[in-house]
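In the UniProt record's numbering, the protein residues as written are 1 to 396.
A short worksheet on the structure shown next.
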């Protein structure tokens, strides 16, 4: 279901009427009609902000608005001050496609680094699927109603992080940010119909929502709940469904399906169900033989089951694909150490296996040993020792 925000006239003068024209589904353009139009130089940097009483306050939009309402914590790292209450539906549910206008500043320097109003183009923000740098904005928008206008105070941990951004937009490191934001409308996620009645895009979107929810639960340490979400996501991607897909639709489905298998493998590793972890990784590798994560996680599971040779083979393949991967290198070092320890134990065991009795010290006594003992001491044992030493030197 789609919800749209209709702009209401906020100026009582007959000369100033708001004409709302919708040029496209995602763009709402408000034009001010006046007998004598102001020059652009006088209007630049100014904004008409509707207040609750119906009057218009003109302000300099190069700076954040001054808001007197109470600051409310939406979530740790995100606080909100309402500029204008919403009049429509909301808050939007998770996975909704929200259409918003916003301006953004750094909190310490008041440097404005983004403004969608200036571009006359609302931005689409899909809750739960936003870019990492827009996480705080998405949390704030998720608390709003249609038509609501608010000022969000967002920690750098939910914005551009410790590193900041040195391209566009230009945001200093560890900078808390302010967003003046308006929720124009939102589209609710389409789900609830039987899977068989869904079109391809709907099934892929439904699976992706489950995957995203599973990722959030996994981060919170809720492994069992996360596994349920991944399994539900895979239920949308059955073999019959995948068999019918070609081209871009097949690629879209694989981009959701394979991460679910890999995430389930990570869950099974955590709860020590290694055979299942191997199974999920093998499904991914059947589709994508060069998937480093699948090779690494299958190698980990095989190593835990004592399948050293198979684990080593997976790690070696992963190292060829990503030579600088430190985790792969560490696992290979562990296996090399285990092999050295096993070799040393075998050498000690073989040394005493055909050792002559204490009384047989002279060459005459040794010549009286059985033929197989002579063969072992003279030829087999030296050859095995030399061969093992050669193999170990090649590996190192």
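Cβ coordinates follow ideal geometry from the N, Cα and C atoms, glycine included.
> With 16 other CB atoms within 10 Å as the buried threshold, where does residue 289 fall?
Replying inline: Against the chain shown, residue 289 aligns to sequence position 289. Residue 289 comes out exposed.
> In or out: residue 246 buried (at least 16 other Cβ within 10 Å) or exposed?
Replying inline: The residue labelled residue 246 in the question sits at position 246 within the chain shown. It counts as exposed.
> Within the chosen definition, does the segment 266–283 reach the segment 240–255 through at least 3 CB pairs nearer than 8 Å?
Replying inline: no
> Shortest alpha-carbon distance to residue 207 belongs to which of 228, 308, 234 and 182?
Replying inline: Walking along the chain shown from the start, residue 207 turns up at place 207. If we check each option's Cα against that of residue 207, 234 comes out closest.
>> Between the alpha carbons of residue 268 and residue 262, how many angstroms are there, rounded?
In response: As a working note, residue 268 is residue 268 in the chain shown. As a working note, residue 262 is residue 262 in the chain shown. Taking the straight line from one Cα to the other gives about 10 Å.
> Is it right to say residue 85 is buried, meaning 16 or more other beta carbons lie within 10 angstroms of its own, or is it exposed?
Replying inline: Position 85 of the chain shown, counting from 1, holds the residue named residue 85. Classification of residue 85: exposed, given that the 10 Å Cβ count is below 16.
> For residue 99, which beta-bridge partners are listed by DSSP?
Replying inline: Walking along the chain shown from the start, residue 99 turns up at place 99. According to DSSP, residue 99 bridges with 124 and 185.
> By Cβ distance below 6 Å, which residues in the same chain neighbour residue 299 in space, the five residues on each side in sequence not counted?
Replying inline: Position 299 of the chain shown holds residue 299. Contacts found: 311, 314 and 315.
> What whole-angstrom Cβ distance do residue 483 and residue 100 have, given they're in contact under 8 Å?
Replying inline: Here the chain covers residues 1 to 396 and nothing more, so residue 483 does not appear.
> So, helix, strand or coil for residue 313, using DSSP?
Replying inline: Sequence index remark: in the chain shown, residue 313 carries index 313 (1-based). Residue 313 falls in the helix class under three-state DSSP.
> Do residue 287 and residue 258 have their CB atoms nearer than 8 Å?
Replying inline: Counting from one through the chain shown, the residue named residue 287 turns up at place 287. Counting from one through the chain shown, the residue named residue 258 turns up at place 258. Yes.
> Beta carbon of residue 106, beta carbon of residue 175: below 8 Å?
Replying inline: In the chain shown, counting from the first residue as 1, residue 106 sits at position 106. In the chain shown, counting from the first residue as 1, residue 175 sits at position 175. Yes, the pair counts as a contact, with Cβ atoms nearer than the cut-off.
> By how many angstroms is the C-alpha of residue 254 removed from the C-alpha of residue 111?
Replying inline: Position 111 of the chain shown, counting from 1, holds the residue named residue 111. Position 254 of the chain shown, counting from 1, holds the residue named residue 254. For residue 111 and residue 254, the distance between alpha carbons rounds to 42 Å.
>> Quick check on residue 199: does DSSP put it in helix, strand or coil?
In response: Locating residue 199 in the chain shown gives position 199, where the first residue counts as 1. Correct three-state label for residue 199: coil.
> Nearest chain B C-beta to residue 148 closer than 8 Å, yes or no?
Replying inline: Of the protein chains in the structure, only one exists, and it is not chain B.
>> According to DSSP, is residue 139 part of a helix, a strand, or is it coil?
In response: On the chain shown, position 139 is the one that residue 139 refers to. Reduced to three states, the DSSP call for residue 139 is helix.
>> Is it buried or exposed, residue 23, if we count other Cβ atoms within 10 angstroms and call 16 or more buried?
In response: In the chain shown, the residue the question calls residue 23 occupies position 23. With a pLDDT of 37 at residue 23, under the threshold of 50, the modelled position of that residue is not reliable, and the figure given next carries that caveat. Exposed, since its Cβ has fewer than 16 Cβ neighbours within 10 Å.
> Skipping 5 residues on each side, what residues in its chain have a beta carbon closer than 7 Å to that of residue 97?
Replying inline: As a working mapping, residue 97 is identified with position 97 in the chain shown. Taking residue 97 as the centre and dropping the five residues before and after it, the same chain places the C-beta of 124, 126, 186 and 187 closer than 7 Å to its C-beta, in chain order.
> Which first and last residues belong to the beta strand (DSSP E) in which residue 150 is found?
Replying inline: Residue mapping note: residue 150 aligns to position 150 of the chain shown, counting from 1. 149–154 is the extent of the beta strand (DSSP E) around residue 150.
> If you follow the alpha helix (DSSP H) that residue 157 is part of, which residue opens it and which one closes it?
Replying inline: As a working mapping, residue 157 is identified with position 157 in the chain shown. Here residue 157 belongs to no alpha helix (DSSP H), and DSSP marks it neither H nor E.
> To which residues of the same chain is residue 82 closer than 6 Å at the C-beta, ignoring the five residues directly before and after it?
Replying inline: Stepping through the chain shown from its first residue, residue 82 is reached at position 82. Closer than 6 Å at Cβ, skipping near neighbours: 69 and 150.
>> Let me check understanding here. Comparing Cα to Cα, which of 252, 190, 282 and 281 lies closest to residue 408?
In response: Since the first residue of the chain shown is 1 and the last is 396, residue 408 is not available in this structure.
>> Since residue 179 and residue 104 should fall inside the 8 Å C-beta cutoff, what is the C-beta to C-beta distance between them, to a whole number of angstroms?
In response: In the chain shown, the residue the question calls residue 179 occupies position 179. In the chain shown, the residue the question calls residue 104 occupies position 104. About 5 Å separates the two Cβ atoms, so the contact holds.
> Opposite residue 332 in the DSSP bridges: which residues?
Replying inline: On the chain shown, residue 332 is found 332 positions in, with the first residue counted as 1. Bridge partners of residue 332: none, in fact.
> Which word fits residue 291, buried or exposed, when buried means at least 16 other C-beta atoms lie within 10 angstroms of its C-beta?
Replying inline: Mapped onto the chain shown, residue 291 falls at position 291. That one is buried.
> On the three-pair Cβ rule with 8 Å, is the segment 113–124 touching the segment 64–78?
Replying inline: no
> If you draw a straight line from the alpha carbon of residue 236 to that of residue 141, how long is it in whole angstroms?
Replying inline: Indexing the chain shown from 1 puts residue 236 at position 236. Indexing the chain shown from 1 puts residue 141 at position 141. Distance between the alpha carbons of residue 236 and residue 141 is about 29 Å.
> Helix, strand or coil: which one does DSSP assign to residue 106?
Replying inline: As a first step, residue 106 is located in the chain shown; it is residue number 106 there, counting from the start. It is a strand residue.
> Per DSSP, residue 81 is paired with what?
Replying inline: Taking the first residue of the chain shown as 1, we reach residue 81 at position 81. Looking at the DSSP assignment, residue 81 forms a beta bridge with 151.
>> Please report the distance separating the alpha-carbon of residue 331 from that of residue 196.
In response: For the purposes of this step, residue 331 is taken as the residue at position 331 of the chain shown. For the purposes of this step, residue 196 is taken as the residue at position 196 of the chain shown. C-alpha separation (whole angstroms): 44 Å.
> Among all the DSSP beta bridges, which residues are the ones paired with residue 165?
Replying inline: Counting from 1 along the chain shown, the entry for residue 165 is found at position 165. BP columns for residue 165 point to 171.
>> Please report the straight-line C-alpha distance between residue 199 and residue 210, rounded to a whole angstrom.
In response: For the purposes of this step, residue 199 is taken as the residue at position 199 of the chain shown. For the purposes of this step, residue 210 is taken as the residue at position 210 of the chain shown. Answer to the nearest angstrom: the Cα atoms are 17 Å apart.
> Going by other Cβ atoms of all chains shown within 10 Å of its Cβ, with 16 needed for buried, is residue 201 buried or exposed?
Replying inline: Taking the first residue of the chain shown as 1, we reach residue 201 at position 201. Exposed is the call here.
> With 16 as the cutoff for other CB atoms within 10 Å, does residue 297 come out buried or exposed?
Replying inline: For the purposes of this step, residue 297 is identified with residue 297 of the chain shown, where counting begins at 1. The residue in question, residue 297, is buried, as its Cβ has 16 or more Cβ neighbours within 10 Å.
>> Per DSSP, what are the beta-bridge partners of residue 72 in this structure?
In response: Taking the first residue of the chain shown as 1, we reach residue 72 at position 72. Answer is 80.
> residue 222 to residue 304, Cα distance in whole Å?
Replying inline: Here residue 222 refers to the residue found at position 222 when the chain shown is read from its first residue. Here residue 304 refers to the residue found at position 304 when the chain shown is read from its first residue. Straight-line Cα distance between these residues: approximately 23 Å.
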